[in-house]
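Each remark here refers to the structure printed beneath this line.
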Amino acid sequence: MKKHTIPYLFAALSFSLLTQSCLDLEPKEQLAETNYWQSTNDFKLFANQFYGWVRQFSDVMYSQSDKPAHSDYFSDLFTNKDLRNLYSNGTNTVLPSDGNYTSNYAHIRRANLLLKNAENYASSGEIQQYVGEAKFFRAYSYFDLVQLYGNAIIVDHPMELTDPNMYVKQNDRSEVVDFIIKDLQEATDLLPKAAEITEEGRVSSECCQAFLSRVALYEGTWQKFRGNVERGKALLDIAVKAAEKVMNSKAYSLFAPEALGESAQKYMFILENTKCNPAGLQKSDNKEYIFVRRYDEIINPINWNITQSSLNNAIWITRKFANMYLCQNGLPISYGGVVNPQFQGYDKIDSEFENRDNRMRYTMMRPHDNFWNNQKPRTTWDGKDPNPFIVNFIPKTGTGYHNQKWATERLVSDKNEGYDYPVIRYAEVLLNYAEAVFERDEAISDTDLDRSLNLVRLRVNPEMKPLSNNLINTHNGMDMRTEIRRERTIELFNEGFRLDDLKRWKTAEVEMPMDLVGVKWKGTEYETVWPTCPYPINGDGCIVIESGRQWEEKHYLFPLPTDQLQMNPNLEQNPGWE
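Listed below in structure tokens is the structure:
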């Protein structure tokens, strides 16, 4: 059956939020009560707007401190020249208003509208897909509320302005998570399987299970590391089973075309339906993306200066992250006080890149490499393209560690790149499975590692030793939990997971206050190629970009905004915020 493509722009039903309370009924939606819901197509058109709610590039790459969400800029992995991210250094305060809060409740309101009207629709079988989508996106919005604020008000129907339930206390986060899980389980049964989707881009049954694995892993570890072991274990079991269903479906696979070799992951992130990689592969060749925010150069460009804000000096990666990459023997650069024999040290500006995980070279910018961008692009990808944007790269700014992920190499106008943003991809599901199994059982077999995490690890590292219990047990100073978390951090870098992961692991209080540190400058080649360093140097001879960072217990949740507290006196501010 020929597949059609879901529209890139969801303008058929575009409602704007008018504020009094985050749960208010918007006047245009009152009108929708009588003017819509007369046909299956009405439900489809209404559901189309849901797809504009999911994360996009600007949500995870935006560096400004007044837009908190899930960006890695709010974590410990990288920063930029502004050095003014209040959420990263722990100096944020209560906001007068917060669009993250109000927009999620607006989305929930609209999902509830569809669900309410579906109850009275005669041909229920014809609209079950759109009912499933409403439940999926309601769950998606509630999970965002849980991650950011913890407790939330459960609303399962569209409420009038006079409804007293609009002004109630929040439900406990455990109730909200159970509500999310119920929605996703019901949506799984209502939605078509990936192979049955006739309109590309719509949510599938497997997508629900993939997202369920994310939700249950998040909350399972949140509870476990806060002493609620039994609750955590039950949720982790849900995560394991959900991820396993996706794995067993065989609907998805890692993007690892032989033609791209060790650069496969690099080019996966910048796939477009025009020549953008050495093999000429297009979006249809990627079976890893389970759910995406769709873009196209002509129909719906990213409209974000993504290449210019990703390549070179735009992103300052920390030494902490650079040191996480393993050597090709599958071991860290040091362990148990022993330096890995494959690690070449820091004497030369490129020596630390030798014998490392290939993702280091293709995510970060390796010194002495050439780089192209959208203004000085490649044309043949044969290694002989003239006029690189950067020739013989020599780091001389920021941390000295720079990024190339999300930066295209083809000719395209600024802001017009058209690669898709992966809301959920198969690599995450495999990593969810491995972590959930280990945290549920406090152990994981080599068989389970080989069917999940090691597939990701070896995708562009075919010669690397896989993670195994023997590898852990025969090397002092190594442990399985650290290696599972390492793999997740490396693979999902700059995709909006890091701060959420530190929060659920309850390690943010350790990781976030650490100085943001750059390359080892003192006693290395950097003293020659970068003779004047404008930043302090620590006792290890490394550049210190930011110090004095802090993290308090209250920072595990964002504060509720002042306007909502004033409008609903029953709301309870999160602990520690005034």
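The working numbering applies: residue 1359 is where the sequence shown begins, and numbers increase by one.
Note that the Cβ used here is the ideal one computed from N, Cα and C, for glycine as well.
Note that the structure is predicted; figures quoted are calculated from it, not measured.
Own chain partners of residue 1790 with C-beta closer than 7 Å, once the 5 adjacent residues on each side are dropped: 1571, 1572, 1575, 1597 and 1601
Buried or exposed (CB count within 10 angstroms, at least 16 for buried), residue 1447: buried
Backbone CA spacing between residue 1603 and residue 1459 [nearest angstrom]: 32 Å
Residues bridged to residue 1437 [DSSP beta-bridge criterion]: 1674
Local conformation of residue 1536 per DSSP, three classes: helix
Contact check, residue 1317 vs residue 1679, beta carbons under 9 Å: In the structure as shown, the chain starts at 1359 and stops at 1936, and residue 1317 therefore has no counterpart that could be examined.
Residues near residue 1472 in its chain [Cβ-Cβ closer than 6 Å; skip 5 each side]: 1404 and 1492
Residue nearest to residue 1569 in terms of C-alpha spacing, selected from 1849, 1795 and 1784: 1784
Per-residue burial, residue 1462 [other beta carbons within 10 Å of its own, 16 or more giving buried]: buried
Where residue 1389 falls: helix, strand or coil (DSSP): Unreliable placement is indicated for residue 1389, whose pLDDT of 41 sits below 50; the coordinate value is still reported in the next sentence. Here residue 1389 sits in helix by DSSP.
Euclidean distance between Cα positions of residue 1932 and residue 1512: 17 Å
Residue closest to residue 1457, alpha-carbon to alpha-carbon, out of 1566, 1849, 1503 and 1634: 1503
Proximity winner among 1926, 1795, 1723 and 1882, relative to residue 1599 (alpha-carbon distances): 1795
Per-residue DSSP class, three states only, for residue 1851: coil
Continuous beta strand (DSSP E) stretch holding residue 1874: start and end: 1874-1878
Identity of the residue in 1553, 1544 and 1557 nearest residue 1566 by Cα: 1544
Close Cβ partners of residue 1590 (< 6 Å) along its chain, the five nearest in sequence each way excluded: 1578, 1581 and 1582
Residue 1822 and residue 1761 closer than 9 Å at C-beta: no
Inter-stretch contact at 8 Å, needing at least 3 Cβ pairs: the segment 1865-1881 / the segment 1893-1900: yes
Bridge partner(s) assigned by DSSP for residue 1760: 1674
Under the three-state DSSP convention, the category residue 1630 falls into: coil
Proximity test, Cβ basis, 9 Å: residue 1457 and chain C: In summary, chain C is missing from the structure at hand, where a single protein chain is found.
Residue 1891 - containing alpha helix (DSSP H), residue span: Premise fails: residue 1891 is in no alpha helix (DSSP H) and is neither H nor E.
Whether residue 1833 touches residue 1923 by CB criterion (9 Å): no
Which of helix, strand or coil DSSP assigns to residue 1370: Caution applies to residue 1370, whose pLDDT of 33 falls short of 50 and renders its modelled position unreliable; the value that the coordinates give is listed next. Reduced to three states, the DSSP call for residue 1370 is coil.
Endpoints, the beta strand (DSSP E) within which residue 1903 is located: 1900-1904
Burial state of residue 1560, where buried means 16 or more other Cβ atoms lie within 10 Å: buried
Exposure label - residue 1539; buried when at least 16 CB within 10 Å: buried
The segment 1809-1826 contacting the segment 1682-1702, beta-carbon criterion three pairs below 8 Å: yes
Per-residue DSSP class, three states only, for residue 1821: coil
Sufficient close CB pairs (3 or more, under 8 Å) joining the segment 1646-1661 to the segment 1728-1743: no
Delimiting residues of the beta strand (DSSP E) encompassing residue 1779: 1779-1783
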